[in-house]
Amino acid sequence: MTKAIIPWDELSRIEKIKHIFDYLETTRNSQAKNLWGPEASGYNEHIHLPLTAPWEEIVEVIKSSHYSHTAYVRLTDKDFKIPNPDDLRKESESKRNLPL
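Quick note: the working numbering has the sequence shown finishing at residue 117, numbered continuously throughout.
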């Protein structure tokens with residue numbers, strides 16, 4: 018017995034996210050753009066989400082994947098805190114005076 022698939026337009030946003038991999042791969046790109054805007058894309062079992070995608074939705078996409086549960090996150094230099102040189106020097110000096 019095959020499960021009847023509800024037409025995409027009749028699903029709520031949450032249902033679309035939970036069932037995105039249940040629909041034809043040929044529609045994945047348009048579905049991703051429908052959900053997350055023009056920066057999103059999809060093909061096969063891959064969904065590329067924009068940086069603005071809510072984490073809860075990203076987790077649901079990963080959980081609904083039929084083949085893998087891997088997420089790749091693109092980081093930039095803004096995602097890392099670069100220490101102030103004075104703070105580094107102070108920390109280094111404080112560690113020099115520690116007893117062995």
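Think of the CB as a built atom: it goes at the ideal place given N, C-alpha and C, for glycine as much as any other residue.
For a test of the three-state rule: what should DSSP assign to M18, helix, strand or coil? Locating residue 18 in the sequence shown gives position 1, counting from the first residue. Its pLDDT being 49, under 50, M18 is placed unreliably in this model, and the coordinates cannot settle the point.
Residue range of the alpha helix (DSSP H) that S58 falls in? Looking up residue 58 in the sequence shown gives position 41. That residue, S58, is in no alpha helix (DSSP H); its beta strand (DSSP E) goes 58-60.
Evaluate contact between the region 96-111 and the region 62-69, counting only Cβ atoms and requiring at least three cross-stretch pairs below 8 Å. Result no; under three Cβ-Cβ pairs closer than 8 Å.
Name the two residues that bound the continuous beta strand (DSSP E) containing I64. One-based indexing of the sequence shown puts residue 64 at position 47. 63-65 is the extent of the beta strand (DSSP E) around I64.
For G54, count neighbouring C-beta atoms within 10 Å of its own C-beta (all shown protein chains included) and say buried if the count is 16 or more, exposed if not. Counting from 1 along the sequence shown, the entry for residue 54 is found at position 37. So G54 ends up on the exposed side.
Alpha carbon to alpha carbon, how far is H36 from S81? Locating residue 36 in the sequence shown gives position 19, counting from the first residue. Locating residue 81 in the sequence shown gives position 64, counting from the first residue. Those two C-alpha atoms are separated by around 7 Å.
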